[in-house]
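**Student:** If you read the protein sequences in the order shown, they are chains C and P. Numbering of the first sequence is given in the working numbering, commencing with residue 158 and proceeding in unit increments. Numbering of the second sequence is given in the working numbering, commencing with residue 128 and proceeding in unit increments. C-beta: ideal position from N, C-alpha, C; glycine also. If you're wondering where the values come from, they're calculated on a predicted model, not measured in any experiment.
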Amino acid sequence: MQDMDRAHIAGDAAEHVLTYADGTSRRVYVTSIETPYPHGKLIVSRTNTAGIITQCNQSFVDMSGYAMDELIGQPHSILRHPAMPAAAFRDLWDTVQAGRQWHGYVKNLRKDGGHYWVYAAVVPNIRDGNIAGYTSVRREPSRVNIEASEARYAEMNRP
Amino acid sequence: MSFNFTVSPSFPNERISDWYIFNTWLQRSLSLPIHLELYDNFGAQRAAIAAGKVDMIHANPFDASLLVREKGFRAIARPEGPPDEMVVVTAADSPAQGIPDLTPGTRLACTDDPCVNTVGRILLEPANLDTGNTVEHRRDTYIQVAKEILRGEADIGFLPVVAFKSLSSLVRRDLRVLVTSDAQVIQHVFLVGPALHERGDDIARLLLAMHETSKGIAMLEALGATSWQPVQQEDVEFMIDIISTLTQ
Ligand SMILES: Cc1cc2nc3c(=O)[nH]c(=O)nc-3n(C[C@H](O)[C@H](O)[C@H](O)COP(=O)(O)O)c2cc1C
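1. Can you pull the chain P residues whose beta carbon is under 8 Å from the beta carbon of Asn-214(C), in chain order?
2. If I'm right that Ala-281(P) touches Arg-234(P) with Cβ under 8 Å, what's the distance once you round it to whole angstroms?
3. Could you please give the first and the last residue of the uninterrupted alpha helix (DSSP H) stretch that includes Gly-259(P)?
4. Using the Cα positions of Gly-284(P) and Ile-235(C), report the straight-line distance between them to the nearest angstrom.
5. Interface residues of chain C around Ile-110(P) at Cβ under 7 Å?
6. Name, please, each residue of chain C whose Cβ falls closer than 7 Å to the Cβ of Ser-308(P).
7. Excluding the 5 residues flanking Thr-192(C) on each side, which residues of the same chain have their C-beta closer than 6 Å to its C-beta?
8. When Cβ atoms are compared, which residues of the region 221-244 of chain C fall closer than 8 Å to chain P?
9. Please list the partners that Pro-253(P) has in chain C, where partner means a Cβ-to-Cβ separation under 8 Å.
10. Taking C-beta pairs closer than 8 Å, name the residues in chain C that Glu-348(P) reaches, listed in chain order.
11. To be precise: take each residue of the region 251-274 of chain C, compare its Cβ to all Cβ atoms of chain P, and keep it if any distance is under 8 Å. Which residues remain?
12. Which residue marks the beginning of the alpha helix (DSSP H) containing Phe-149(P), and which one marks its end?
13. Can you tell me which of the three DSSP states Asn-337(C) falls into?
14. What is the rounded straight-line gap between the Cα of Met-241(C) and the Cα of Trp-146(P)?
15. Under 8 Å Cβ-Cβ, which residues of chain C neighbour Phe-365(P)?
16. Quick check on Ala-174(P): buried or exposed, where buried means 16 or more other Cβ atoms within 10 Å of its Cβ?
17. Closer than 9 Å between beta carbons: that is the criterion. Which residues of the region 233-244 of chain P meet it against chain C?
18. Taking Pro-253(P) as the reference, give the member of Pro-281(C), Pro-195(C), Ala-311(C), Ala-207(C) with the closest Cα.
19. Let me confirm a value: Ile-143(P) is counted as buried when at least 16 other C-beta atoms fall within 10 Å, else exposed. Which label applies?
20. For Leu-250(P), decide whether its Cβ has a neighbour in chain C, counting only Cβ atoms nearer than 8 Å.
21. When burial is assigned at 16 or more other CB atoms within 10 Å of the CB, is Leu-297(P) buried or exposed?
22. Name the residue from Phe-189(P), Ser-295(P), Ala-310(P) whose alpha carbon lies nearest to the alpha carbon of Val-201(C).
23. How about Ala-278(C): is its C-beta nearer than 8 Å to some C-beta of chain D?
24. Could you give the distance in angstroms between the alpha-carbon of Ala-207(C) and the alpha-carbon of Asp-267(P)?
25. Give, in chain order, every unbroken run of the alpha helix (DSSP H) that is at least 4 residues long and sits entirely within the region 178-248 of chain C.
26. Using the beta-carbon of each residue, which ones in chain C are nearer than 7 Å to Thr-372(P)?
27. So if DSSP puts Ile-166(C) in a beta bridge, which residue, or which two residues, is it bridged to?
28. With H, G and I counted as helix, E and B as strand and the rest as coil, what does DSSP make of Ile-288(C)?
29. Among Lys-264(C), Val-218(C), Arg-237(C), Arg-296(C), which has the Cα closest to the Cα of Thr-245(P)?
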C-alpha cells in the first residue's frame, strides 16, 4: 500500500511506520482528532477471502474520509490505526477463517489522520459450504467500552 | 389444494384489506388457488412456518433468514418504497436528549417485531443498556407502545418509522425521537417456498411488472410501495449475513 499523503492530514500529526502481517509496511500520520460515530447507522463493508475490499456502503466511505474508488480493491488494512495491536487482527482472521463470527472494538484510521471507534463484527460469507468472502458490520460503541478498549490495547502494545 | 400466503405482521392494520385485494389479484393473474392467512403476531406466524403451513410470504427480514437458510425459500422481489427503518422515541418532556443520556432501569415498550426489537436494542448499546439492565414491556400494537410512553409507564419505545408516522399528530406531538436507524440493507422480501418454486419465475415476472399498470400502481401504493424490485439470491444471503451479526 502507498504511504499516507502528508498533504491530506488535518493539523499536527505523529508519524508511524506500520508493519503488516505480510511483512510489508506503510508510513501513516496520526492526529488526535476523533470523528464521532454517526448515530443509528451501520457501517458495512465486504472483502474477498484475501481481505481486499470488494463492496462498502456510503457510511463506510463517509467515515473513512476516502472516496469510494480509493477503497474498492484496496486491502482492508488501509484503515489500520497504529494504536491497534496486531494480535487483535490475528484473532479476527483466525476466528473467521475457522468459519466463526468475530466481534471486537476497533479504532480505525481515516485518510485525514483522524480516527473513529466502532464495535465491529466480521462474519464469513458461507456459500455452498465454502467461505466466499467476509462481511463486516459496525455499530456505535459506548464511551465506557471505548475507554476500556483503549486501555487494553495500550497494554497489549507495551513492548 | 390451495397454497398458503402470509404477510409479516409488521404492516399497519389499515392495510389488511389491501393485502386481501393483492391476494385476489395474485390468484387471478396466476390462475392459482392461494389462501391468504394473516397472523396477529410473530409468534403465531412462526408457528405456522414451523408447521409447514406457509408456501409464499412477504417476510420480515429476520424471518427471511430462517426461511432461506433452513426452509428452502427463494427470494423473488423486494418492495421499493420507504426503507424499513425504526425509531427510539421518548416523551417530549423527557430529560434525555440522546441515547447516551438513558440510564440503567430504563423502561422500554415494544411489540414482538424481531427486526425492530433487534435494531432497537443495538441503538441502545451506546448507553450500555441491554436486556439485563432495562425493563421490557411487550405490547400488542404500536399504538399501545406510544400510549405507554404518554402515560409515563415506559421511558422509551421502539417503533417502525412507518408506524410512528401513522400515529395521530396529537400523539406524535407528545413524543420525541431520540434516534432513527439507518441500516439500509435490512428489508422485507417476497419469498416462495419449495411447493411454489416451479412457479417462482412467473410470480417474479408478475410482481416486477406490477407498477406498469395503473391498477397495479394503486395496489402498490395501498401497500406502501412504489414497485417491486428484483432480488438475487446473493442479495438476500448478504442481508442474512448482516442480520447474523446483529443477533449475537
Ligand atoms: C471483512 C473485514 C473487515 C475488516 N475491517 C477492518 C477495519 O475496519 N479496520 C482494520 O484496521 N482492519 C480491518 N480488517 C482487518 C484487516 O484485514 C487487517 O487484518 C488489519 O487491518 C491488520 O492488518 P494486517 O493483518 O495486514 O497486519 C478487516 C478484515 C475483514 C475480513
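**Tutor:** Let me spell this out:
1. Gln-311, Val-312
2. 5 Å
3. Counting along the chain, Gly-259(P) falls outside any alpha helix (DSSP H), and DSSP gives it neither H nor E.
4. When the Cα atoms are used, Gly-284(P) and Ile-235(C) turn out to be separated by approximately 39 Å.
5. There is no way to answer for residue 110(P), as the model of chain P reaches only from 128 to 375.
6. Gly-197
7. Gly-271, Tyr-273
8. none
9. Tyr-194, His-196, Glu-297, Pro-298, Ser-299, Arg-300
10. Among the residues of chain C, none has a CB under 8 Å from the CB of Glu-348(P); the nearest is roughly 27 Å distant.
11. Gln-258, His-260
12. 143-157
13. Examination of residue 337(C) is not possible in this model, given that chain C is present from 158 through 316 alone.
14. 52 Å
15. Arg-203, Asn-282, Thr-292
16. exposed
17. none
18. Pro-195(C)
19. exposed
20. yes
21. exposed
22. Ala-310(P)
23. Included in the structure are the protein chains C and P, with no chain D among them.
24. 47 Å
25. 215-221, 225-228
26. The answer, in chain order, is Gln-258, Ala-278, Val-280, Val-294.
27. For Ile-166(C), which the question treats as bridged, DSSP gives no partner whatsoever.
28. strand
29. Nearest of Lys-264(C), Val-218(C), Arg-237(C), Arg-296(C) to Thr-245(P), Cα basis: Arg-296(C).
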